[in-house]
Each structure stands twice: as C-alpha cells, then as structure tokens.
Amino acid sequence: MSAVEISGLRVELGGKEILAGVDLTVAPGEWVTIIGPNGAGKSTLLRAVGGRVPYTGSISLFGTGAGRLRRREHARTVATVVQSPIVPAGMAVIDYVLLGRTPYIPALGRESAGDLGAVAEVLDRLDLTGFAERPLATLSGGERQRAFLARALAQGAPLLLLDEPTSALDIGHQQEVLELVDRLRGESGLTVLATMHDLSVAGEYADRLVLLAGGAVVASGPPRTVLTEELLATHYGARVRVIDGDQGPLVVPVRPR
Ligand code: ADP
Ligand code: MG
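Numbering-wise, the working numbering puts 252 at position 252 of the sequence shown, and it's gapless, one number per residue.
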C-alpha cells in the first residue's frame, strides 16, 4: 500500500489550469521532494494532497481515497507545514503547538493529559521547551520554523507535507531542521513529501525528486537522474554545473558566458 497515490490530478484556479494531470506515488517511509521553477505548481500540489484546494482526479492516502476521509481523520493522517504560516498575534509557543492536537480534542472538550504529554514531548524533541511560554512572534526565524514543525508533528500524522520548510533559515538551521525530520522519519516511519528550492539540499535528503514544470511532471527518479545540467537548463533556464557530492549530486550555478 502506498502512503500517497495520486493519479490524473488536475487543479484549476481562477480559470487557469495549474496542475495538468499529475501522477505520483510515495511509499510509506519514503522522502520525496518536488522541485521546479517558481509558479510550477509545487505548493498547489501539496495543497491538493493536504485537502486545501479542490481538484479532479484521485488522491489516496494509505489506501483510502482522500475525499472519503472525514476532516478529523484527514488531519490525523496528514500534517502540513505551509510555506508562510500565519503567526497568531500574542500566542505562546505551547498553545500554538497544542493546536496540532485539535483533531484529537472533542468538540466543546478540553485537551487531555495525553494531548499535553504529546506536546511536551514534541517541544523537547525540537529543543523548544525553554520557549514554551514565549509568544511565537518573539522567536527568531529558525526558532519559529521549529515551532511550525512542532505543531505539525504534534498532530501525530504518518504523512508530513513540508512546503519549503527551510527557505527562511540560515545554512546551519536548515541542516538542523532537515536532519531532525530525517531522524524522525527513521524512528517513527514518517513519510515526507516536500518542496524545496535549493536543489543540492533537495537531492541530499530525498530518496526521489520530482521535477514539476508548467503543472506537469517532467522528470522523476533518484536525484542523480533529475539533477542534470540539461534538465535544469531546459526547465529553469539556468546554467549550472552538476558535481559529485558525498550524498549525491551538487548543483552549482555558473554565470552564463
Ligand atoms: P510554486 O509553489 O511551484 O511556486 P504555486 O503552486 O504556488 O507554484 O502556483 C502555481 C501557479 O498557480 C502560479 O502561476 C500561481 O500564480 C497560480 N495560483 C496559485 N494559487 C492561485 C489562486 N488561488 N488563484 C489563481 N491562481 C493561483
Ligand atoms: Mg510554492
């Protein structure tokens, strides 16, 4: 059974076709990263999988049609860190992370000891315990990004969608967050579907890359088959050199002659 099975996915927004028939399968425990130029439809693809945008075609999550999952069930199955999460004014980190437990808290009910325990554990994992009472808005970019991730992890869903999770981070925090996600993937079998702009980093962390351009998949496979000078020239209009790194290909932009 696949974690994600997408077939013939089409999304139309504002009278424009944004995704034009995408097929994509992600195995449980796999890390797949979607790359592609600005406006290719990467965020839209994650939104469709996360149930945040209307689509036609089919999306199955762990063998069940996504449309057949009820809201709570859906939220227990897939957790998303969107590209630019809204930072609720004045909200403390612990309360923000507790929002991740919403799908487990009964309507009109309160959080249980189990919910609070899950939040405490996630805060500890992400080195956020010392920030628990601080307003989210007062955290640095890197700390805040960890809080966004914490909220998603507190949701306890087996599928994690990450839309450019490290774009706002310096190179050190970028590595820290990605290593952490990878560790959690190893420990609890998380499946990760991400989008990323940094192609070298995308290739180092993903089992498989999917290159999206103009709303369609134009290449997909292990990083070394997708990160080629030809494909990147064709679809990004970029001149790059691809060199061998320890963990896969590294993409270096070079100035056009
Ligand atoms: P990416 O994440 O690859 O940069 P997006 O999925 O955000 O791309 O957007 C793909 C295209 O869809 C863009 O051209 C964008 O302008 C368009 N788009 C996204 N959301 C909407 C919307 N709500 N209405 C109209 N067009 C949209
Ligand atoms: Mg995007």
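In this text, a Cβ means the ideal position worked out from N, Cα and C, and glycines have one as well.
**Message:** With three or more beta-carbon pairs closer than 8 Å as the criterion, would you say the region 24–32 touches the region 75–86?
**Reply:** no
**Item:** Segment limits, alpha helix (DSSP H) that includes P253
**Value:** Not the alpha helix (DSSP H): P253 falls in the beta strand (DSSP E), residues G248 to P253.
**Message:** Helix, strand or coil for D207? Go by DSSP, reduced to three states.
**Reply:** coil
**Prompt:** Under the rule that 16 or more other beta-carbon atoms within 10 Å means buried, what is L9, buried or exposed?
**Reply:** buried
**Request:** Please confirm whether any heavy atom of ligand 1 lies closer than 6 Å to the CB of T80.
**Result:** no
**Message:** Less than 7 Å between the beta carbons of T195 and D163, yes or no?
**Reply:** yes
**Prompt:** Between A75 and the rest of its own chain, which residues show a CB-CB distance below 8 Å, the 5 nearest in sequence each way excluded?
**Reply:** T102, P103, Q155 and A157
**Asked** Would you call the region 87–100 and the region 134–142 in contact, with 3 or more CB pairs under 8 Å?
**Response** yes
**Prompt:** What residue ranges within the region 60–85 form continuous alpha helix (DSSP H) runs of no fewer than 4 residues, ordered along the chain?
**Reply:** 71–77
**Request:** Within its chain, find whatever has a CB closer than 7 Å to the CB of E12; leave out the 5 residues flanking it on each side and keep chain order.
**Result:** I18
**Prompt:** With burial defined as no fewer than 16 other Cβ atoms inside 10 Å of the residue's Cβ, what is the status of R151: buried or exposed?
**Reply:** buried
**Prompt:** Could you give the uninterrupted runs of the alpha helix (DSSP H) lying entirely in the region 103–187, keeping only those of 4 residues or more?
**Reply:** 113–125 and 141–154
**Request:** With DSSP as the reference, label G245 as helix, strand or coil.
**Result:** strand
**Prompt:** Alpha carbon to alpha carbon, how far is L126 from A120?
**Reply:** 10 Å
**Item:** Option in P223, V242 and V218 with minimal Cα separation from T287
**Value:** Absent from the structure is residue 287, since the part of the chain shown begins at 1 and ends at 257.
**Prompt:** By how many angstroms is the C-alpha of G214 removed from the C-alpha of K16?
**Reply:** 11 Å
**Request:** For A40, count neighbouring C-beta atoms within 10 Å of its own C-beta (all shown protein chains included) and say buried if the count is 16 or more, exposed if not.
**Result:** buried
**Prompt:** So who's on the other strand from E12, going by DSSP bridges?
**Reply:** E17
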